[in-house]
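Q: Structure provided below as structure tokens; questions to follow.
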Amino acid sequence: MSETATEAQIQEAIYLSRILILVPLTVLVYEYLLTLEYEASTFWGTRLTWGSFFFYLNRYTSLFGTLPILIQYYSTTTDPRKQAVCQALRRYHQYFALLSQVLVSVMLIMRTLALYQRNKTVLAFMLVVTIGAFIFAVVILLSGNDVDTLAPNIAAFGCPEGTSRAKSLRLAGAWSGMLVFDIMIFSLTLVKAFKMNARRGDLLTLLVRDGSIYFGLMVIGNACNIGTYTMSGPFLRGGATTVTNVVSSVMISRLMLNLRDPKIRRPQSNNPTRLSSTEDPVISTVSPYATEYTTTNTQWTSVLDD
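Count along the sequence shown from 1, add 846, and you get the number used in our numbering.
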């Protein structure tokens, strides 16, 4: 059954899809300007580590990589000579969305691995779940035959892309894999937090707080994105993808910036904590390496990004 729409309906859908691109880009730029001074004081001038490398890659790829997507959604044309450019922009959008999620996933795996002090069992578990979710997404995307259910006036309406019903359902299934990944990361964070319950402190509070906020926002973002694929019209299907990617990028940047807070890295002596040989050391949730620690003069230090 062909999906049809009037020109007025198409224009309205394109207008809404543009808002779903412009708003997250505005948030991204605002967040960058808001935290630029703190980034300069905590990251700039320090030696480059895997943690800081992925921080820069995620932060600036997201900031500048979204611009071609903005061009795609604001370049409405029916000129057939522009279709090659439009097709290139659409492919870029798909690959950029994938790259954004891969970057965030790698950083969250690094964060969780450091939380568990490079435990190989935990690493193996995370890799199995991550690879399984990736394979699941690829199989869904490549399986089945796409039936073009779009009427000609929708399929050829310039750069904003109309997505057929069959393809949108498969894309929704693929995005559910990212939701599984987020649940895994959050669960591992909670397990570690409960194990450290006897020694509540600034770092543990930060872990639980940031992890909970991140997970909550990502569940909402992923649910909205999946909802656009299953319940929206052709031009709004997947319209929240950029919103989800921006939220992921901003939140993981915030997680790393928060862990550079001197109050977290070097707690003052008015909150003394001394570790015995049987206790877990204070740990970083960013660095892929185990955190070194000291307990001199009733102070402990978390060394990040070794």
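Note that CB positions come from ideal geometry on N, CA and C, so glycine has one too.
In this text the structure is predicted, and so the values were computed from the model without any measurement.
1. Since I believe L949 is in contact with F900 (beta carbons under 8 Å), could you give me their beta-carbon distance rounded to a whole number of angstroms?
2. Okay, do the segment 867-878 and the segment 913-922 touch, 3+ Cβ pairs below 8 Å being the bar?
3. Please state if the CB of T1076 and the CB of S1014 are separated by a distance shorter than 8 Å.
4. Should R937 go down as buried or exposed, given a rule of 16 or more other Cβ atoms within 10 Å for buried?
5. At what residues does the alpha helix (DSSP H) containing E877 begin and finish?
6. Which residue from Y876, S887, L903 puts its Cα closest to that of F942?
7. How big is the Cα-Cα spacing for V1065 and V1096?
8. Taking 7 Å as the cut-off, is the beta-carbon of L945 closer than that to any non-hydrogen atom of the ligand ATP?
9. Within the same chain, show all residues whose beta-carbon is closer than 7 Å to that of T1009, passing over the 5 residues directly before and after it, in chain order.
10. Helix, strand or coil for S1022 per DSSP?
11. Comparing alpha-carbon positions, which option in S1094, A970, A1012 lies nearest D1028?
12. Could you tell me the distance, in whole angstroms, from the CA atom of K928 to the CA atom of A1086?
13. Rounded to whole angstroms, what's the CA-CA distance from L988 to I981? Just pull it up for me.
A: According to the structure data:
1. 7 Å
2. yes
3. yes
4. If you draw a 10 Å sphere on the C-beta of R937, you find fewer than 16 other C-beta atoms in it, and that means exposed.
5. 853-888
6. Measuring C-alpha to C-alpha distances from F942 to each of Y876, S887, L903 identifies L903 as the nearest.
7. Computed Cα separation, rounded: 15 Å.
8. With respect to the ligand ATP, the structure offers nothing, as it holds no ligand at all.
9. P1080, R1083, G1084
10. helix
11. S1094
12. Spanning the two alpha carbons is a distance of roughly 25 Å.
13. 10 Å
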